[in-house]
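Numbering (the working numbering), first residue to last: 248 to 318.
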C-alpha cells in the first residue's frame, strides 16, 4: 500500500489544482463529487512521480470524465 502523506509543498500544489478545477463551470459542485475528487487527487499524486503541470492536465481529464455536471 502506498502512503498518502504529502509534504507541505506537495499539498499546496494539489490544493491549487483542486481549487482551480472545482471552480470550473463544468465541474459537479456537489459535496460528494468534491470529496471524491479531493481523495482521487491525493491518492494519485502520492503514487506519481510527475511534474505538477503534467499532473494538472491528467487531473482535469479525469475530472471531466468522472465529475462533470450531468446535462
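Just so you know, even glycine gets a beta-carbon here, dropped at the ideal spot from N, CA and C.
| Asked | Found |
| --- | --- |
| Where does residue 268 fall in DSSP's three states? | helix |
| Taking Cβ to Cβ, would you say residue 261 is nearer than 8 Å to residue 284? | no |
| Could you give the residue range of the alpha helix (DSSP H) that holds residue 297? | First-last for residue 297: undefined, no H or E at that position. |
| Rank 253, 265, 259, 254 by C-alpha distance to the C-alpha of residue 309 and give the top, closest one. | 265 |
| So is residue 288 buried or exposed if we call it buried at 16+ other beta carbons inside 10 Å? | buried |
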